[in-house]
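Per my numbering, the very first residue in the sequence shown carries number 683; after that it's consecutive.
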Amino acid sequence: MADLHAINDAINKRAGRKLLPSMIVSFLLLGLIFGTISTEPLLFFVLIWVVIMLGVRELAHAYRTGGIELPDYALMIAATILLVATWSGNTQGLAVSAALTIPILMVFLLLISQKDFIKRSTSAVFIIFYLAILGGFILLLANDPDGVKRIFTLVALIACNDTFAYFTGVLIGRHKLAPSISPKKSWEGLIGGAIAALIGGSFIFHSLFETSWLVGAAIGLMAVITATCGDLIESAIKRDLAIKDMSNLLPGHGGIMDRLDSALFTAPAVWFALELIARYL
683 MADLHAINDA INKRAGRKLL PSMIVSFLLL GLIFGTISTE PLLFFVLIWV
733 VIMLGVRELA HAYRTGGIEL PDYALMIAAT ILLVATWSGN TQGLAVSAAL
783 TIPILMVFLL LISQKDFIKR STSAVFIIFY LAILGGFILL LANDPDGVKR
833 IFTLVALIAC NDTFAYFTGV LIGRHKLAPS ISPKKSWEGL IGGAIAALIG
883 GSFIFHSLFE TSWLVGAAIG LMAVITATCG DLIESAIKRD LAIKDMSNLL
933 PGHGGIMDRL DSALFTAPAV WFALELIARY L
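Okay, structure coming up:
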């Protein structure tokens, strides 16, 4: 037992987070995701809405730490309009609501105060794009006759990459991937995640969508790139604002954004890949 504790402590120290709480939270999140999408898609929408609202609040709070004041309620209203429009109108709803909501939000911020307008407006637009527009593609995946399969594909590809990149990096990671942005990431971890995602993508797309193994492998590799980029972008935001975590809401993970970052970049790519498969393969 002492040896197990020692191994766990070593993993926690090297990975920079506690493994057991992280695993418990991950399983609870998976239960919520698949419990809602398989029971009632509208419940899944509500779940994603809550997650996005928490993300908006986290980012707005992080901005305040960096000296950028933004009204939470305005950002939440704008994000809600985008998400509702996406759920009810699919890609057309997402596009039209984005084209209308973002200019209105900018005008609203100008009416509140002209001070630091460029800084405040660009920061607000970034939050809406980052969370509501990219997050809207999660809803586009779910709001489909094959919504359960599509969400499973998104989650499975991210899990393959994150899980195996994590353990490979902890066990044999030596060469830093982006030390100035995310010191814990290694090339060995990236390769480990890529191998798992290639295998997982091949199996998922061949068995669930009846496509070639090579197509699944290519999409798995794509998910590695998007998930890694999403993680690095979120790390860059935290470094720029001089904070370690967006919040401490999720034990072993940090904040909502620390779990959502990979999905925000991967969901549009997976949606696009599935649309191509449906039309041409």
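By construction, the Cβ of each residue, glycine as well, lies at the ideal position given by its N, Cα and C atoms.
### Task
Measure the CB-CB distance between S889 and G902 and report whether it falls below 8 angstroms.
Along the sequence shown, one-based indexing puts residue 889 at 207. Along the sequence shown, one-based indexing puts residue 902 at 220. No, the Cβ-Cβ distance between S889 and G902 is not below 8 angstroms.
### Task
Between the Cα of I786 and those of N772, S770, K797 and A806, spot the shortest distance and give me the residue it belongs to.
On the sequence shown, position 104 is the one that residue 786 refers to. Cα-wise, what sits closest to I786 is A806.
### Query
Beta carbon of A744: closer than 7 angstroms to some heavy atom of the ligand NAP?
You won't find the ligand NAP in this model; it holds no ligand whatsoever.
### Rounded separation between L946 and S795 - CA only
In the sequence shown, the residue the question calls residue 946 occupies position 264. In the sequence shown, the residue the question calls residue 795 occupies position 113. Cα to Cα, the separation comes out at about 31 angstroms.
### Query
CB-CB under 7 angstroms to R961, same chain, minus the five flanking residues each way: which ones, in chain order?
Here residue 961 is taken as the residue at index 279 of the sequence shown, counted from 1. Contacts found: none.
### Task
May I ask you to report which of helix, strand or coil DSSP gives P861?
Taking the first residue of the sequence shown as 1, we reach residue 861 at position 179. P861 sits in coil when the DSSP states are folded into three classes, being neither helix nor strand.
### Query
If you follow the alpha helix (DSSP H) that G883 is part of, which residue opens it and which one closes it?
For this step, residue 883 is matched to residue 201 along the sequence shown. For G883, the enclosing alpha helix (DSSP H) begins and ends at W869 to L890.
#### Entry: Exposure label - K797; buried when at least 16 CB within 10 Å
Translated into positions along the sequence shown, residue 797 becomes position 115. Taking every protein chain shown into account, the CB of K797 has fewer than 16 other CB atoms within 10 angstroms, so this residue is exposed.
### Query
Which stretch, first to last residue, makes up the alpha helix (DSSP H) that contains K831?
Locating residue 831 in the sequence shown gives position 149, counting from the first residue. Residues G829 to I854.
### Task
Please classify Y812: is it buried, with 16 or more other beta-carbons within 10 angstroms of its beta-carbon, or exposed?
As a first step, residue 812 must be located in the sequence shown, where it is residue number 130. So Y812 ends up on the buried side.
### Query
Roughly how many angstroms separate the alpha carbons of L859 and A924, rounded to a whole number?
Counting from 1 along the sequence shown, the entry for residue 859 is found at position 177. Counting from 1 along the sequence shown, the entry for residue 924 is found at position 242. Rounded to whole angstroms, L859 to A924 spans 20 angstroms at the Cα level.
### Query
What's the call for S770, buried or exposed, on a 16-neighbour Cβ count within 10 Å?
As a working mapping, residue 770 is identified with position 88 in the sequence shown. By the 10 Å Cβ count, S770 comes out exposed.
### Task
Give every residue of the same chain whose Cβ lies closer than 7 angstroms to the Cβ of L956, excluding the five residues on either side of it in the sequence, and list them in chain order.
Walking along the sequence shown from the start, residue 956 turns up at place 274. Within its own chain, the residues whose Cβ lies closer than 7 angstroms to the Cβ of L956, once the five positions on either side in sequence are excluded, are R832, listed in chain order.
### Query
Would you call the region 832 to 843 and the region 774 to 786 in contact, with 3 or more CB pairs under 8 angstroms?
Too few Cβ pairs lie closer than 8 angstroms, so no.
### Task
For the alpha helix (DSSP H) containing P785, list its first residue and its last residue.
Here residue 785 refers to the residue found at position 103 of the sequence shown. It spans D754 to I794 - the alpha helix (DSSP H) in which P785 sits, taken as one unbroken run.
### Query
Got a sec? Which residues, its chain only, sit under 6 angstroms from D685 by beta carbon, not counting five neighbours each side?
Working through the sequence shown from its first residue, we reach residue 685 at position 3. Model confidence at D685 stands at a pLDDT of 45, short of 50, so the residue's coordinates are unreliable; what they give is reported in the following sentence. Within the same chain, D685 has no close Cβ partners at all.
### Task
State the Cα-Cα distance for the pair L963 and I877, rounded to the nearest angstrom.
Taking the first residue of the sequence shown as 1, we reach residue 963 at position 281. Taking the first residue of the sequence shown as 1, we reach residue 877 at position 195. Distance between L963 and I877, taken at the CA atoms: about 25 angstroms.
### Message
With DSSP as the reference, identify every bridge partner of L932, one or two as the case may be.
### Response
Within the sequence shown, numbered from 1, the residue matching residue 932 stands at position 250. Here L932 is bridged, per DSSP, to G936.
### Query
Roughly how many angstroms lie between the CA atoms of G748 and M735, to the nearest whole one?
Numbered from 1 along the sequence shown, position 66 holds the residue referred to as residue 748. Numbered from 1 along the sequence shown, position 53 holds the residue referred to as residue 735. In a straight line, the C-alpha of G748 is about 20 angstroms away from that of M735.
### Query
Got a sec? Which residues, its chain only, sit under 7 angstroms from I784 by beta carbon, not counting five neighbours each side?
Position 102 of the sequence shown holds residue 784. Same-chain partners within the cutoff: V807 and I810.
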